[in-house]
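So the structure is just underneath, and the comments pick up after that.
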Amino acid sequence: MDVYEAVVSRRAVRRFSGEPVPRETLERVLSAAARSPSGANLQPWHVYVLTGAPLAELKKRTAERVAAGDPGDEREYQMYPLELKSPYRERRSAAAEQRYAALGVSREDRRSREAAVAANWDCFGAPAALFCYIDRDMGPAQWADLGMYLQTFMLLLRAEGLHSCPQMAWSVYCRTVAKAVLPPPGLILFCGVSIGFEAPAACHDRIDRAPLAETVTFVDG
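As structure tokens, this is what we get:
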């Protein structure tokens with residue numbers, strides 16, 4: 015698989031098969047992902063990978079919190095600006111509409127929408143999950159490094175025939191994740207990434223991207 019195919023075929027998969035992901039495959043991908051760009055080579059990512067019984071226990075504990083009506087933990091970072099301006103506001107709304115339409119869930123079907131969100135805590139059935147932390151002393155440039163690292167990681171998964179789903183949603187239950195991975199003090203959970211083989215019945219609809227002219231300006235000589 016060449017890099018263009020990996021980029022085009024990568025998407026947030028929200029239904030995985032239960033087929034295990036070999037440990038050696040994950041190690042190979044993570045070793046290569048370490049070559050991601052990093053300002054001054056700080057490599058600010060702190061990564062924990064859960065499989066088997068530890069992941070099952072994390073899913074169980076989180077589901078129990080959700081079932082009990084627990085709204086989650088205090089946010090350690092703001093996912094989106096409180097006042098999201100145009101065109102970002104419209105893009106987010108359009109993405110939500112496309113995602114729920116692909117699932118066959120209407121805007122009025124609150125119960126089905128809640129169930130779709132709750133599937134996050136089962137990692138959409140994935141048998142492996144990565145949790146990415148960063149030191150709270152780091153700044154915006156180092157958070158950008160995390161993005162480059164995670165994108166590299168997800169593209170390498172495609173080269174192995176695997177899929178993924180990045181989930182900032184896991185930061186909502188960061189205390190439960192911390193009990194599972196025991197990070198040292200001073201780290202913030204940025205996101206989880208569900209990892210696995212795509213289930214045959216997974217939705218293949220893709221979220222639209224803005225046209226090139228809307229996001230790119232060529233300044234020609």
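The working numbering numbers the first residue of the sequence shown as 15 and each following residue consecutively. Glycine residues also receive a C-beta, built at the ideal position from the N, C-alpha and C atoms. These numbers come from a predicted model, not from an experiment.
1) Please report the Cβ distance between residue 27 and residue 178, rounded to the nearest whole angstrom; I am assuming they are in contact, meaning their Cβ atoms lie under 8 Å.
2) In this structure, does DSSP put residue 57 in helix, strand or coil?
3) Let's test the definition: count the other Cβ atoms within 10 Å of the Cβ of residue 190 and tell me whether it reaches 16, buried, or not, exposed.
4) So, do the region 154-161 and the region 41-48 have three or more beta carbon pairs nearer to each other than 8 Å?
5) Ends of the alpha helix (DSSP H) at residue 164?
6) For residue 107, count the other beta carbons within 10 Å of its own beta carbon; 16 or more makes it buried, fewer makes it exposed. Which is it?
7) For the beta strand (DSSP E) containing residue 142, list its first residue and its last residue.
8) Along the chain, where does the beta strand (DSSP E) containing residue 80 start, and where does it finish?
9) In or out: residue 134 buried (at least 16 other Cβ within 10 Å) or exposed?
10) Once DSSP output is grouped into helix, strand and coil, what is the label at residue 204?
11) Quick check on residue 102: does DSSP put it in helix, strand or coil?
12) Per the DSSP calculation, residue 233 is bridged to which residue(s)?
13) Can at least three beta-carbon pairs, one atom from the region 198-209 and one from the region 223-231, be found at a separation below 8 Å?
Short version:
1) Contact between residue 27 and residue 178 holds, since their C-beta atoms are separated by about 7 Å, short of 8 Å.
2) Note: residue 57 maps to coil in three-state DSSP.
3) With 16 or more other Cβ atoms within 10 Å, it is buried.
4) The answer is no - the region 41-48 does not touch the region 154-161, with fewer than three Cβ pairs under 8 Å.
5) Here the alpha helix (DSSP H) through residue 164 covers 154-173.
6) Looking at its Cβ environment, which holds fewer than 16 other Cβ atoms inside 10 Å, residue 107 is exposed.
7) In this chain, the beta strand (DSSP E) harbouring residue 142 covers 142-149.
8) Per DSSP, residue 80 lies in no beta strand (DSSP E) segment; the continuous alpha helix (DSSP H) that holds it begins and ends at 66-81.
9) For residue 134, the number of other beta carbons within 10 angstroms of its own is at least 16, and it is reported as buried.
10) The answer is strand: DSSP assigns residue 204 an E or B state.
11) It is helical.
12) Assignment of beta-bridge partners to residue 233 by DSSP yields no partner.
13) Flag = no, the region 198-209 and the region 223-231 do not touch.
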